[in-house]
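Let me begin by presenting the structure, written as structure tokens, before commenting on it.
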């Protein structure tokens, strides 16, 4: 957590910033960072200038014999600028003073002025040490010119000074440090994270640990009113593992600055990863709150051990000579804990060390230091001194069996091992492997110098015939070192130990050891011995020695017996008579117990001891009691046991416990009399509902009682997730037994039946509470929330969330605003558990309005630079639903860096040119305004939606798009309608559409075969369709030639002469060919003369077909073509033929005689019969004629009533000459006039 450590960059540090101790001062540092502070050494000169521009306090640790001068100057030149001198340990380390030198600090050879010699403040004490570090804190106010000096050791401000004189000094102060003697100092300059904002979250990344124990150490700097809440979460940040509050310093500090403290957090968990969250809080109001964090790390795996080695050259012949630097001490500096180790000059050789039991080559705490690490001499630690809190001592390097200072002592009776060359510790003389064994002496550990001679036999005193007391006399010596123990043992003649070995301590100044043996057998010989044991201090190495033995024999006297009946037992004891001094041992007798009514033998055994109790007898039963001695009856009596209540049942157990059922099983009490068990009463009571957090073990719940005659009972309909107490009582005809109790826990119900209560949605937070009746809770509560959309825009929403808490953030699950939803809350047992589809709570709610989504399809379609300022036209579509509320307006924004132009478009605005679009415009004052955005806002929502941003780069003077949806519609009489839509983008304002019609080819019959088109119709048609007002659709009507193919093109043209791509379309005008008149006829000589009218707009390769339907034709007739049968009305069975098939020019406007038996084209004009009906059809067909076109034909029905004659033929010729020739002339004249009109 410092500037050079990147660890803090992986933390979430919102409103936490990195700072240093000069910008943000805190109290002195007494942790591992202290050793990282740079150590400076100076000798009688000013040194280490530091600029104090923004510094209000700083800490410094110094090691000096006397007179440390810290100078604060109003500038970087201490010889000239006004200065304040803080002199600590002046006058041989007896007084501290503050001086003011307005004209600078004088050199040693210069005489100082009167002001500079005055002590503004002084304080008598001994603040410095040449061998120990002393820490001071100096606070400095450059405006008020206040100086305070704080002593960290005594937690006091021992000097204060305020300069009230007028001064024009600046805030640019510098600090200098000096000493008349050698001095070492360390400034407390370091970096750390801090905040002054309450509730500013500092969150760690996920960290791992392996031993199931979270252990974190950190340093917290807090003001007195400042606390820190530290919370451990699992890796998902959903489950809280532990919360820990670090309080602000309760110990008042004189300096008033926030102080550092060391914090350790431990938590045992089954997880292997976690997240730590730090939240600063105030326990009361504070004018200057500050929270600081540093050195966050996991705890070391083992206890830390730190050591320091100081190498010193000394005179090998005179040990008392020690260099001055040997007076240096070792200090342990920590918050509220400072330890100083004595200097090397205080070396001693007779100290009690804590490593006396260490093996060779090891010393120190837990014997963890090897001699070869601190001495070049190897394992004997030669020429080394060891310093402890209470002093230092030389570590001897003795040879052989010598030890101690100058190796003038000899290891005594130590045990020898082949693998070791040394018998005892070279420092203390403690035997390495215990004392050497000796048959007549017991050596006392650990030195094995003192010994105890083998004791004599114990003394015996009879308590009675079977009990004895023993004692052993010993002599106590003050020199005994180490614990002593003793034990009396008693053995039979075959060396069997009767009572075992029971060690008792030998207390100081004891002269007599005692013991008691009871219940000894009569007429038996015993050996009694006392064993003494001596051990070292930890009891690992012990030596024993046994005393001489004492032999004793036990005698016995005979006595009478008496009986005591109870409900289920008989007690047997003997009577003490006046002439009987002691009782005999019981195992000399045989005891027989018989049931009186059946003579059944209940017991036949030797008596272990008296009184003797015969148990497990039936109540109110008559028994015979007989006592034998050496098979001789010496006692006989009849006695009855007492009546009793039934015994308690035994082995009461709960079996097959489920969530609602339990089977209780027990063993019936033994009833040896005639009393029978009538029934068992089973009582259940709920002791605790685990779903009720405040449930107490003695909750006043009703009892439920069940009766049964069996020793098992299955009880159903229990409450799941509860602690039950079961009590079983036995009843006979009169009494009941004492109850037997057990407890059992019903299991969690797999499927939850409970439902949550008090569901509520406030804003974006959904909350709920556990069931109102906690007794309905049948297992752990885990929530599954199913959310369905109700309103139209979210009806497809179906999402599921799960949580172990009683709240859910609807914003985090990204619900849409101003929409109605239905929430179903289920109780489940775990994250993967099943919900009960019949147990849930529903809650319908509406989310608050929020910012709408982004608009879509934003485009700039025209930039009108003719205006000043330029107008930018754009279009967009409203956001896709759901809209998160009611749309209020759209804001158009055009920006260049921080300069923006804004415009607002109402939410109900439309676009006239395109459906489902909104159009708007905005003024543009500079072409540098390149970024255009449109953002939607909702009613009653202050925050707008996400802007849609487009760049206007390369949009100026852009070419327009092609006209859209260009279509051509051909109407009657070669009338053509052109239709198109406004271009999608115009780039610049549109001026006109350029339309051009190019005839490609025509099917009209021209006057000359060399003419491709009719006269005056071969040139292109050019049209400029001017655009005065933009409309969605445009229309232009043209009148063109029929039966002609055209190529039409259209393109958009802007005012700045930018054109779109040309759009081309081919089309062909339909044919307008038709007869110009009606079909007329005349009968003549069994023939019919047709007057075929002229044809208008005749086309190339058109043909006229004359079809006759009537009586049977001639043999050479030509069948009617199938494609003309339907038009001519010819059926399958009809008699019909084609009389003529000729180009239109040969028949149109000319007479044609039907039935003249001539051939026309491929057709045979069969003769007609008189007095018959004929139907004549004249049809014009065109090359590539569209089958959907209406047929061009004329049809007449004629009854041929004439007969053939020559006269008739003449008249026919005459008529032809009269009518046909003028008709042909008229036809050609009409065609010529028509072409001229075209």
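In full-length UniProt numbering, the protein residues as written are 1 to 1238.
The C-beta atom is built at its ideal place from N, Cα and C for all residues, glycine as well.
Taking 8 Å as the cut-off, does the segment 904 to 914 touch the segment 956 to 964 (at least 3 CB pairs, one atom from each stretch)? Because the criterion of three Cβ pairs below 8 Å is not met, the segment 956 to 964 and the segment 904 to 914 do not touch.
Can you name, in chain order, every residue of its own chain whose Cβ lies under 6 Å from the Cβ of residue 258, other than the five neighbours on each side? Position 258 of the chain shown, counting from 1, holds the residue named residue 258. If we look at residue 258 and ignore the five residues flanking it on each side, its Cβ neighbours are 26, 221, 222, 223, 290.
Test item: CB-CB of residue 1143 and residue 1097 under 8 Å: Residue mapping note: residue 1143 aligns to position 1143 of the chain shown, counting from 1. Residue mapping note: residue 1097 aligns to position 1097 of the chain shown, counting from 1. It is not a contact, given that the beta carbons lie outside the stated cut-off.
Buried or exposed for residue 1165, please, with buried defined as at least 16 other CB atoms from any protein chain shown within 10 angstroms of its CB. For the purposes of this step, residue 1165 is taken as the residue at position 1165 of the chain shown. Answer is buried; the Cβ neighbour count reaches 16.
Just the Cα atoms here: how many angstroms apart are residue 938 and residue 947? Position 938 of the chain shown holds residue 938. Position 947 of the chain shown holds residue 947. The alpha-carbon atoms of residue 938 and residue 947 are separated by roughly 13 Å.
Under 8 Å: do the segment 703 to 723 and the segment 783 to 802 share three or more Cβ pairs, one atom per stretch? The segment 703 to 723 and the segment 783 to 802 do not touch, with fewer than 3 CB-CB distances between them shorter than 8 Å.
Flag residue 63 as yes if its beta-carbon sits less than 8 Å from any beta-carbon of chain D, otherwise no. The structure shown has no chain D; it contains just one protein chain.
Can you give me the Cβ contacts of residue 1080 inside the same chain, cut-off strictly under 6 Å, excluding the 5 residues immediately before and after it? Residue numbering aside, residue 1080 sits at position 1080 when the chain shown is read from its first letter. These residues qualify, in order along the chain: 1091.
Buried or exposed: residue 287, going by 16 or more other Cβ atoms within 10 Å of its Cβ? Counted from its first residue, the chain shown places residue 287 at position 287. An exposed status is given to residue 287, since fewer than 16 other beta-carbon atoms sit within 10 Å of its beta-carbon.
Span of the beta strand (DSSP E) around residue 1126: For the purposes of this step, residue 1126 is taken as residue 1126 along the chain shown, with counting starting at 1. Per DSSP, residue 1126 belongs to no beta strand (DSSP E); it is in the alpha helix (DSSP H), 1122 to 1128.
So residue 461 is in the beta strand (DSSP E); what residue range does that whole segment cover? The count along the chain shown starts at 1 and reaches residue 461 at position 461. Residue 461 -> beta strand (DSSP E) spans 459 to 462.
Mark residue 771 as exposed unless 16 or more other C-beta atoms lie within 10 angstroms of its C-beta, in which case mark it buried. Looking up residue 771 in the chain shown gives position 771. Residue 771 should be labelled buried.
Using the three-state DSSP reduction, which class does residue 578 fall into: helix, strand or coil? Walking along the chain shown from the start, residue 578 turns up at place 578. Only weak support is given to the placement of residue 578: the predicted model assigns it a pLDDT of 42, under 50, and the value that follows is read from those uncertain coordinates. DSSP places residue 578 in coil when its eight states are reduced to three.
Tell me whether the beta-carbon of residue 1141 lies closer than 8 Å to the beta-carbon of residue 1105. The residue you call residue 1141 lines up with position 1141 of the chain shown. The residue you call residue 1105 lines up with position 1105 of the chain shown. A contact, by the Cβ cut-off of 8 Å.
Hey, residue 744 and residue 794 are a contact pair by Cβ (cut 8 Å); roughly how many whole angstroms apart? Start at 1 with the first residue of the chain shown, and residue 744 comes out as number 744. Start at 1 with the first residue of the chain shown, and residue 794 comes out as number 794. That belief does not hold up - the Cβ atoms of residue 744 and residue 794 are roughly 49 Å apart, past 8 Å.
Hey, out of 92, 56, 128, whose CA is closest to residue 142's CA? Counting from 1 along the chain shown, the entry for residue 142 is found at position 142. It is 56.
Are the beta-carbon atoms belonging to residue 1087 and residue 1178 less than 8 Å from one another? For the purposes of this step, residue 1087 is taken as residue 1087 along the chain shown, with counting starting at 1. For the purposes of this step, residue 1178 is taken as residue 1178 along the chain shown, with counting starting at 1. The answer is no: Cβ separation not under 8 Å.
So the beta strand (DSSP E) residue 91 belongs to, where does it begin and stop? By 1-based counting over the chain shown, the position of residue 91 is 91. Segment 90 to 93 is the alpha helix (DSSP H) holding residue 91; no beta strand (DSSP E) there.
Please name the residue or residues paired with residue 1248 in a DSSP beta bridge. Given a span of 1 to 1238 for the chain in the structure shown, any question on residue 1248 remains unanswerable.
Go ahead and pull the three-state DSSP assignment for residue 1147. In the chain shown, residue 1147 corresponds to position 1147, counting from 1. Residue state, collapsed to three classes: helix.
Top-ranked residue by Cα proximity to residue 89, from 489, 126, 700, 281: As a position in the chain shown, residue 89 is number 89, starting the count at 1. Ranking 489, 126, 700, 281 by Cα distance to residue 89 puts 126 first.
Residues in the same chain with beta-carbon distance under 6 Å from residue 19, minus the five sequence neighbours each way, listed in chain order, please. To locate residue 19, count along the chain shown from 1; it is residue 19. Within the same chain, residue 19 has close Cβ partners 194.
Which whole-angstrom value is the C-beta distance of residue 778 and residue 753, which I expect to be below 8 Å? Here residue 778 is taken as the residue at index 778 of the chain shown, counted from 1. Here residue 753 is taken as the residue at index 753 of the chain shown, counted from 1. Confirmed, about 6 Å.
Cutting at 6 Å between CB atoms, please list the residues of its own chain near residue 685, excluding the five before and the five after it. Numbered from 1 along the chain shown, position 685 holds the residue referred to as residue 685. For residue 685, where only same-chain residues beyond five positions count, the Cβ hits under 6 Å are 701, 703, 725.
Distance, residue 918 Cα to residue 192 Cα: Counted from its first residue, the chain shown places residue 192 at position 192. Counted from its first residue, the chain shown places residue 918 at position 918. Their Cα atoms are separated by approximately 55 Å.
Pick out whichever of 606, 875, 628 has its Cα sitting closest to the Cα of residue 560. Residue 560 sits at position 560 when you count from the first residue of the chain shown. Checked all of 606, 875, 628; the closest Cα to residue 560 is 628.
What are the boundary residues of the alpha helix (DSSP H) that includes residue 820? Mapped onto the chain shown, residue 820 falls at position 820. Counting along the chain, residue 820 falls outside any alpha helix (DSSP H), though it belongs to the beta strand (DSSP E) covering 820 to 828.
Indicate the three-state DSSP secondary structure (helix, strand or coil) for residue 776 in the structure shown. Along the chain shown, one-based indexing puts residue 776 at 776. Residue 776: helix per DSSP, three-state reduction.
Along the chain, which unbroken stretches of the beta strand (DSSP E) at least 3 residues long are found entirely within the segment 514 to 545? 525 to 535
Cα-Cα separation, residue 508 to residue 532: Along the chain shown, read from residue 1 onward, the residue named residue 508 stands at position 508. Along the chain shown, read from residue 1 onward, the residue named residue 532 stands at position 532. Answer to the nearest angstrom: the Cα atoms are 14 Å apart.
With C-beta atoms as the reference, is residue 862 less than 8 Å away from residue 986? Numbered from its first residue, the chain shown carries residue 862 at position 862. Numbered from its first residue, the chain shown carries residue 986 at position 986. Against a cut-off of 8 Å, the Cβ pair of residue 986 and residue 862 comes out as a contact.
Are the segment 424 to 436 and the segment 453 to 470 touching by the rule of at least three beta carbon pairs closer than 8 Å? no
Going by the beta-carbon positions, is the gap between residue 140 and residue 52 smaller than 8 Å? As a first step, residue 140 must be located in the chain shown, where it is residue number 140. As a first step, residue 52 must be located in the chain shown, where it is residue number 52. Between residue 140 and residue 52, the C-beta gap is smaller than 8 Å, which places the two residues in contact.
According to the Cβ coordinates, are residue 1261 and residue 492 closer than 8 Å? The first residue shown for the chain is 1 and the last is 1238, placing residue 1261 beyond what the model contains.
So, using beta-carbon positions, are residue 1137 and residue 1168 closer together than 8 Å? Along the chain shown, read from residue 1 onward, the residue named residue 1137 stands at position 1137. Along the chain shown, read from residue 1 onward, the residue named residue 1168 stands at position 1168. Not a contact, by the Cβ cut-off of 8 Å.
Do residue 1032 and residue 982 count as a contact pair if the criterion is CB distance below 8 Å? Residue numbering aside, residue 982 sits at position 982 when the chain shown is read from its first letter. Residue numbering aside, residue 1032 sits at position 1032 when the chain shown is read from its first letter. In this structure, residue 1032 lies closer than 8 Å to residue 982 by Cβ.
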